[in-house]
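Colleague:
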Amino acid sequence: MSKPNVGIVVRKSLRDRILSDWDLEKLESFANVTINDEDRDIVDEEAAEFLNGMDGAMTSWNSGDLSPAILEGVPTLKIWAYGAGTVKGKICDEAWEKDIVVTSAAPAIADDVAELTMGFMTMGLRRVFSHSRAMREGEKKPDKTESRSLYRRTIGVISASQVGQRVMRLLRPYQTRILLYDPFVTPERAEEFGAELADLETIAREAEVVTVHAPKLDATYHLWDETHFKLMRDDCVFINTSRGANIDEAALIAELQKGRFSAFLDVTDPEPPAMDSPLRRLPNVVLTPHCAGLQSYRIGALVVEELRRFFANEDQLFQVKRELLDRLA
Numbered sequence: 015m016s017k018p019n020v021g022i023v024v025r026k027s028l029r030d031r032i033l034s035d036w037d038l039e040k041l042e043s044f045a046n047v048t049i050n051d052e053d054r055d056i057v058d059e060e061a062a063e064f065l066n067g068m069d070g071a072m073t074s075w076n077s078g079d080l081s082p083a084i085l086e087g088v089p090t091l092k093i094w095a096y097g098a099g100t101v102k103g104k105i106c107d108e109a110w111e112k113d114i115v116v117t118s119a120a121p122a123i124a125d126d127v128a129e130l131t132m133g134f135m136t137m138g139l140r141r142v143f144s145h146s147r148a149m150r151e152g153e154k155k156p157d158k159t160e161s162r163s164l165y166r167r168t169i170g171v172i173s174a175s176q177v178g179q180r181v182m183r184l185l186r187p188y189q190t191r192i193l194l195y196d197p198f199v200t201p202e203r204a205e206e207f208g209a210e211l212a213d214l215e216t217i218a219r220e221a222e223v224v225t226v227h228a229p230k231l232d233a234t235y236h237l238w239d240e241t242h243f244k245l246m247r248d249d250c251v252f253i254n255t256s257r258g259a260n261i262d263e264a265a266l267i268a269e270l271q272k273g274r275f276s277a278f279l280d281v282t283d284p285e286p287p288a289m290d291s292p293l294r295r296l297p298n299v300v301l302t303p304h305c306a307g308l309q310s311y312r313i314g315a316l317v318v319e320e321l322r323r324f325f326a327n328e329d330q331l332f333q334v335k336r337e338l339l340d341r342l343a
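In short: position in the sequence shown from 1, add 14, done, that's our numbering.
(1) Leaving out the 5 sequence neighbours to the left and right, which residues in its chain are closer than 7 Å to lysine 92 when beta-carbon positions are compared?
(2) Assuming the contact rule is C-beta atoms closer than 8 Å, isoleucine 49 and isoleucine 22 should be a hit. Round their C-beta distance to whole Å, please.
(3) Measure the alpha-carbon distance for glycine 273 versus phenylalanine 324 and round it to whole angstroms.
(4) With isoleucine 105 and leucine 80 assumed to form a contact (beta carbons below 8 Å), what rounded beta-carbon distance in angstroms separates them?
(5) When you compare the CB positions of isoleucine 123 and leucine 301, do they come within less than 9 Å of one another, or not?
(6) Beta-carbon within less than 7 Å of histidine 304's beta-carbon, same chain only, minus the 5 sequence neighbours each way: which residues are those?
(7) Taking only the alpha-carbon atoms, compute the straight-line gap between asparagine 327 and aspartate 196 and give it to the nearest angstrom.
(8) Only counting the same chain, and skipping five residues up and downstream in sequence, which positions put a Cβ closer than 7 Å to that of phenylalanine 332?
(9) Between the C-alpha atoms of serine 163 and lysine 230, what's the straight-line distance to the nearest angstrom?
(10) What would DSSP say about tyrosine 195, mapped onto helix, strand or coil?
(11) Look up tyrosine 311 in the DSSP assignment and say whether it is helix, strand or coil.
(12) Indicate the three-state DSSP secondary structure (helix, strand or coil) for valine 334 in the structure shown.
(13) Contact check, valine 223 vs arginine 167 under 8 Å by CB: the rounded distance?
(14) Excluding the 5 residues preceding and the 5 following alanine 109 in the sequence, name in chain order all residues of the same chain whose CB lies nearer than 6 Å to its CB.
(15) Bridge partners of isoleucine 261, per DSSP?
(16) In whole angstroms, what is the alpha-carbon distance linking isoleucine 267 and cysteine 250?
(17) Across which residues does DSSP place serine 118 in a beta bridge pair?
(18) What residues are listed by DSSP as bridge partners for methionine 72?
(19) For tyrosine 311, collect the residues of the same chain with a Cβ closer than 6 Å to its Cβ; drop the 5 residues on either side in sequence, then sort them by chain order.
(20) Out of Gly103, Leu28 and Lys154, which has the shortest C-alpha to C-alpha gap to arginine 336?
(21) Tell me, to the nearest whole angstrom, how far the beta carbon of leucine 296 is from that of glutamine 271; I am working on the premise that it is less than 8 Å.
(22) By alpha-carbon positions, which one of Arg247, Trp75, Trp238 and Glu269 ends up nearest to asparagine 260?
(23) For threonine 234 and valine 226, what's the separation of their Cα atoms in angstroms?
(24) Is threonine 241 buried or exposed, if buried means 16 or more other CB atoms sit within 10 Å of its CB?
(25) Under the DSSP definition of a beta bridge, which residues are partnered with valine 299?
(26) Just verifying my parser: in three-state terms, what is the DSSP assignment at glycine 67?
(27) According to the neighbour-count rule (16 or more other Cβ atoms, all chains shown, within 10 Å of its Cβ), is glutamate 263 buried or exposed?
(28) Which whole-angstrom value describes the C-beta separation of leucine 185 and glycine 170, a residue pair presumed to lie in contact below a C-beta threshold of 8 Å?
(29) In this structure, what does DSSP give as the bridge partners for asparagine 46?
(30) Measuring CA to CA, which of Met289, Glu205 and Arg294 is closest to phenylalanine 278?
(31) So if DSSP puts isoleucine 253 in a beta bridge, which residue, or which two residues, is it bridged to?
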């Protein structure tokens, strides 16, 4: 039986960061592989020419649009394996109608986001950055009495998204009480996550850590707003590694300026924040440049395994279905 043909559209510098030699060898063991050796993105007609005769494609950031030009130029195409996050707005209607299989590496990225979220929780509860700042500013022995362990704390998780589910899984050894807000989750499903369902107001009042993992949807715009920020505990740690528009940033800044709680923000709205934004100067804010989701070998490993499963006639683990797009990040 002849091997399928797979084209790797990803530019060289990015490919080197997301596809290990081991996974490339694995891909070559079951497919004839053609690689874009140029360090530039190829799209539309040029991508169609590159993928001529291919059965499958591995794509990633800046090369992930399955356009009508590609669809028309590559009639043999059966699977579009996107080595990045969301595929929203990247897949043309004709591709969905032709039932081309689309997969996403969002779950691999979710692992990295969840890891950093856990780090933010620990650093926030233990007041790592405020202690470090005090030491730099000459304080001989900063007060450690307000430092807290993650063990048996009350954690508010906003959305049982792919990241949210991973965060809840990572919290299990700490015997935390998890309050989950997600209108699509049943009480029985929440119990499987080790959580109890709660409304946003309850989470705001009771959680010692609030971490936001909701997708960016019309329904989630400013999901966490002024009401919730005002209800939050004075010692709370607030984390957003999802999308900046999911929270009311002006309301957040107003409460942070009171010094009531701390915030760890990997995303803002707009992004990056304006140079004169108070978020850049407030001592109780840690800002990172939307780096929670890494360009790591996890991505390539997931993509290659999805391609292997497809050509072995096995079910996809991470196929994206058109009818679920409205609920996905």
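Built from N, CA and C at the ideal position, the CB exists for glycine as well. Remember, predicted model here, so these are calculated numbers, not experimental data.
Modeller: This is what the structure holds:
(1) Asp69, Gly70, Ile114 and Val115
(2) 5 Å
(3) 53 Å
(4) 5 Å
(5) no
(6) Asp280, Val281 and Glu285
(7) Roughly 34 Å separates the two Cα atoms.
(8) The beta carbon of phenylalanine 332 sits closer than 7 Å to the beta carbons of Thr117, Ser118, Pro121, Leu316 and Glu320 from its chain, once the five residues preceding and following it are set aside; these are given in chain order.
(9) 31 Å
(10) strand
(11) Here tyrosine 311 carries a helix assignment [DSSP, helix/strand/coil].
(12) coil
(13) 6 Å
(14) Leu80 and Leu85
(15) Trp238
(16) 14 Å
(17) Tyr96
(18) Ile22 and Ala95
(19) Ser34
(20) Gly103
(21) So it is a contact: roughly 7 Å between Cβ atoms.
(22) Comparing Cα-Cα distances from asparagine 260 to each of Arg247, Trp75, Trp238 and Glu269, the minimum goes to Trp238.
(23) Annotation: threonine 234 to valine 226 spans about 11 Å, alpha carbon to alpha carbon.
(24) exposed
(25) Ala277
(26) coil
(27) buried
(28) Distance from leucine 185 to glycine 170 at the Cβ level is roughly 11 Å; contact not present, criterion being Cβ atoms closer than 8 Å.
(29) Asn19
(30) For the residues Met289, Glu205 and Arg294, the minimum Cα distance to phenylalanine 278 belongs to Arg294.
(31) Thr225 and Phe278
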